[in-house]
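S.K.:
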Amino acid sequence: MTSFADSFWSADLLSGLQALFDRLAVGCDSSDHFIQLFASRMQIEVLYGRQLYDVQKGIDNTDYGEDYSTTDEALRKIITGMEQEGDQHLNIASNIQTLVLEPFSKWCSEHRERIKYSENILIDNVKNYQKSKKYVQKLEKVYYNSCKNLESFKRTNFNDEELSKALGHLTLQKELEASLHNEKEHQNFATIDSITFDYKTMREVIKEILVKLPKSEYKLPLINYTLTNTNSGKEITNFLLKHLSLKDLDQAEIFGQELLNIGFIKYCNGVGTTFVNSKKFVYQWKDYAYKFADLSEQNKNNGLELNYLQGLASKLPMVPTVSSSPSNTSTVTKSGPAEANFPLNEKLDISEDEKKLFKLLDEVEKSDKIYHEESFKMDSLRCSIEELMIDHLSFMEKCESDRLKAIKKATIDFCSTLGNKISIIKLHVDAILEASEAIDPAVDLLTLISNYKTGIFKPQAITYNNYYNPGIYQNFGVDLETRCRLDGKVVPLIVSAMLLYMDSIYPDLANDKVRTSIWISPVKLSSTHKLRRLLNEKQFKDEYEIIELFNNGSFEAGTIASALKIYLLELPEPLISSDSLDVLKLLYSKFSTSSLPGDNREKAISNSTNADGASNMSSSAGEENSQMDVGIESKRIMALSTTLSSLGKPYLATLDAITRHFYRLIKILRMGKDGDQIAEDFTKEISKEFASCLLHSSIHDGNDLGYKIFHDLLTYKKQILKNLKRSST
1 MTSFADSFWS ADLLSGLQAL FDRLAVGCDS SDHFIQLFAS RMQIEVLYGR QLYDVQKGID
61 NTDYGEDYST TDEALRKIIT GMEQEGDQHL NIASNIQTLV LEPFSKWCSE HRERIKYSEN
121 ILIDNVKNYQ KSKKYVQKLE KVYYNSCKNL ESFKRTNFND EELSKALGHL TLQKELEASL
181 HNEKEHQNFA TIDSITFDYK TMREVIKEIL VKLPKSEYKL PLINYTLTNT NSGKEITNFL
241 LKHLSLKDLD QAEIFGQELL NIGFIKYCNG VGTTFVNSKK FVYQWKDYAY KFADLSEQNK
301 NNGLELNYLQ GLASKLPMVP TVSSSPSNTS TVTKSGPAEA NFPLNEKLDI SEDEKKLFKL
361 LDEVEKSDKI YHEESFKMDS LRCSIEELMI DHLSFMEKCE SDRLKAIKKA TIDFCSTLGN
421 KISIIKLHVD AILEASEAID PAVDLLTLIS NYKTGIFKPQ AITYNNYYNP GIYQNFGVDL
481 ETRCRLDGKV VPLIVSAMLL YMDSIYPDLA NDKVRTSIWI SPVKLSSTHK LRRLLNEKQF
541 KDEYEIIELF NNGSFEAGTI ASALKIYLLE LPEPLISSDS LDVLKLLYSK FSTSSLPGDN
601 REKAISNSTN ADGASNMSSS AGEENSQMDV GIESKRIMAL STTLSSLGKP YLATLDAITR
661 HFYRLIKILR MGKDGDQIAE DFTKEISKEF ASCLLHSSIH DGNDLGYKIF HDLLTYKKQI
721 LKNLKRSST
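Just so we're aligned, residue 1 is where the sequence shown starts under the UniProt record's numbering, counting upward by one.
(1) For T226, which residues from the same chain have a beta carbon less than 6 Å from its beta carbon, with the 5 sequence-adjacent residues on both sides left out?
(2) Could you pull out every residue in the same chain whose Cβ sits closer than 8 Å to the Cβ of Y308, ignoring the five residues on either side in sequence?
(3) What did DSSP end up calling Y53 once you bin it into helix, strand or coil?
(4) What's the call for F710, buried or exposed, on a 16-neighbour Cβ count within 10 Å?
(5) Between which two residues does the alpha helix (DSSP H) harbouring F153 extend?
(6) Among residues of its own chain, excluding the 5 on either side of L360, which ones have a beta-carbon nearer than 8 Å to its beta-carbon?
(7) Could you check if L569 belongs to the surroundings of the ligand MN, using beta carbon to heavy atom distance under 7 Å?
(8) Could you tell me the distance, in whole angstroms, from the CA atom of N128 to the CA atom of V142?
(9) In chain order, which continuous runs of the beta strand (DSSP E) of length 3 or greater are located wholly inside the region 159-212?
(10) Whole angstroms are fine: how far does the CA of Y663 sit from the CA of I720?
(11) Can you pull the DSSP bridge partners for T659?
(12) Three or more beta-carbon pairs under 8 Å between the region 489-505 and the region 648-658, yes or no?
(13) Write down the C-beta distance between L694 and L575 rounded to the nearest angstrom, noting that I regard them as a contact closer than 8 Å.
(14) For V478, which residues of its own chain have a beta-carbon under 7 Å away from its beta-carbon, when the five flanking residues on both sides are left out?
(15) Figure out for me which residue from I265, S517 and W107 has the closest Cα to the Cα of A289.
(16) Am I right that I35 and T417 are in contact with their C-beta atoms under 8 Å? What's the rounded C-beta distance?
(17) Apart from the five residues just before and just after I206, which ones in its own chain have a Cβ nearer than 8 Å to its Cβ?
(18) Could you tell me which residues DSSP pairs with T230 in its beta bridges?
(19) For L433, I'd like the list of residues in its chain whose CB is within less than 6 Å of its CB, leaving aside the five on either flank, ordered along the chain.
(20) Just the Cα atoms here: how many angstroms apart are F4 and H696?
(21) According to DSSP, what are the bridge partners of Y707?
(22) Tell me which residues share the same chain as F38 and place their Cβ nearer than 8 Å to its Cβ, disregarding the 5 neighbours each side in the sequence.
(23) Where does K266 fall in DSSP's three states?
(24) Which residues bound the alpha helix (DSSP H) around residue 740?
(25) Give the range of the alpha helix (DSSP H) segment to which D582 is assigned.
(26) Go ahead and pull the three-state DSSP assignment for G488.
(27) Cβ of L404 within 8 Å of Cβ of D444?
(28) Could you name the residues of the same chain whose beta carbon sits closer than 7 Å to that of S118, not counting the 5 residues immediately before and after it, in chain order?
(29) Under the three-state reduction of DSSP, which class applies to Y225: helix, strand or coil?
(30) For I44, count neighbouring Cβ atoms within 10 angstroms of its own Cβ and tell me buried if that reaches 16, exposed if not.
(31) Which of helix, strand or coil does DSSP assign to G477?
(32) State the DSSP-derived secondary structure class of A19, mapped to helix, strand or coil.
(33) For F8, which of helix, strand or coil comes out of DSSP?
(34) Just reading off the alpha helix (DSSP H) that F376 is part of, what are its end residues?
(35) Please classify G455: does DSSP put it in a helix, a strand, or coil?
(36) Could you tell me if L713 is buried or exposed, where buried requires 16 or more neighbouring beta carbons within 10 angstroms of its beta carbon?
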């Protein structure tokens, strides 16, 4: 059955979610309408019951004493009966209140809160994701512009010999800078209470303090401003005493004083230049401390609680800015600036053009580094967003199903409160009960999905597009031709390795049901993304390196099969090009599918193709219709073969490898018990699974065309392959 998790996706993610939550809000309003109906009926029952109960007040005088006639007795009984009927109506109102209205109203309120919670979580995180995506796109533009500026400058100002010489100068410059940096690392930085620290040691100490010492926030009084990354004097002293193996508290306080003197910390709630070991005095770690320890801006947020995806989004910061180093460095030996500004041009005879070239190369390197890191972070964030969406969409489907069931139960309970009390309205109760029995949650869910779905699951990989070597840093989301060129194969290594691995494990599986369930059973997206992350991190030399990764990671076969589907879904251009879409639509609308079973169809098509066209005049009408079907399918298969022959070599080879794998598996299935039926069912199921992998459909109603094409490929593989070979020659 179609599900929420595969029906409300869109390119921007947001519009699909908005369409779903709009419909869920309408569902909540529908529940409120039932509440209003039940409440109105309760009020009517109360009003009518009270009027019946007080019917005697409308009669002038019913006290006839002991001398009364039979008519008086009848009147008295009728009044009593009406009072009892009124009491029954009041009981009905009470039961509606306690058994229907109160529990159903409470449930509807909680249901609305659940919907609102999921909506806020998903909408907020998707919006944050879109902002982060724009930031990565901006980084890509910066990187590409830097590369273009560099290439333009090289073409304009250097020939090959001059460029080689300039790059040689750059290498010497980097070696000299590295040497100076290494020399500086071992120079004296500060002496604290007879303990001498060089730059390297002090940097390690500050880094350990910043990373391991938990930070907190401090609100400044009166102005209501919050400072982050703060610690009290006592926290800093205790940490120094514990982790630096200082001999006593006095030495720890001296160290804290030097942190203040050097400029790593500053006062938050006091003035002066004296470090105080007290809970009352609070200090903030300055930007200079993080810069000195080579820590990024994101380390500043270690003490703050962030939700799951906002934490991931916070790892995509804007380009960090750090303030200048403080001037108060009382115990620091200053040796850095003179070396940092070393006049290299006096040593290496560097021209102005070379200086500008070095600057452009440095810009490219820095922008490439940031873009490369953030691209992979962004892709990881995308996977997390998809996992979160699938979890919440599944949860919303359950909530909506529960809402429909709750309405059904409430209406049945409502009918019970009426039917158990008053037999005279039994016919009306039966009509209401019949209406409530007609409520079908499954049909309503399917109707909601059919009428308002926005698109099937189509993951959009965030790729790092290197200017000079596109595709060498990742495997997923890279177009097939580039991937095959880098792998040196006509079929991507990942695809061939997965199919090879599946072939190797089939004999060890218990039965045909297990073999088929690998490909058609649902797999948790987070498990698939875990394997995808490993496959996307490195470039593989051959299939066996990938198979070794499968074995070492102890991945289930279903997860590997799911990763193959994700790989095909993330291709920027599907196996069957979108250019062929209109031709294929026309082809399958003109030639309808046949009802012949699988093997018989293929044999009939083959015989029809090889026959000389003679017909038997004595054939029955059924045989003639069957022969007509075979002729139609023969034309369709021939046209499909012609269309597929226009595909690029990597696309056709990959499609052939996948089809060949399942064709062999289906032949194996036919050999077992009830093999024909199992093979036929598996052919249909696997065609549904790979329909979108084969052809990226933009139609919201599913991918029926992709299903038909893959079904034909599995059913008529031999004939299609024969036609392709014929067209290639």
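Here a beta-carbon is modelled for each residue, glycine too, at the ideal position from N, C-alpha and C.
On a predicted model such as this, the values are computed, not experimentally measured, just so you know.
M.R.: In short, the structure shows the following:
(1) E217 and K219
(2) At Y308 the pLDDT is 36, less than 50, meaning the model places this residue with poor confidence and gives no usable figure here.
(3) helix
(4) buried
(5) E102 to N157
(6) S146, N149, L150 and F153
(7) Absence of the ligand MN is noted for the structure shown, with no ligands found whatsoever.
(8) 21 Å
(9) 188-192 and 195-198
(10) 13 Å
(11) In the DSSP output, where bridge partners are listed per residue, T659 has none listed.
(12) yes
(13) 5 Å
(14) T463 and G471
(15) I265
(16) Not a contact, Cβ separation roughly 15 Å.
(17) F264, A289, F292 and A293
(18) S216 and Q284
(19) C415
(20) 19 Å
(21) Partner(s): none; Y707 has no beta bridge.
(22) I96, V100, L101, F104, A410 and F414
(23) strand
(24) Any question about residue 740 goes unanswered here, given that the chain covers just 1 to 729.
(25) L581 to K590
(26) coil
(27) yes
(28) H392, F395 and M396
(29) strand
(30) exposed
(31) coil
(32) helix
(33) strand
(34) E352 to G419
(35) strand
(36) buried
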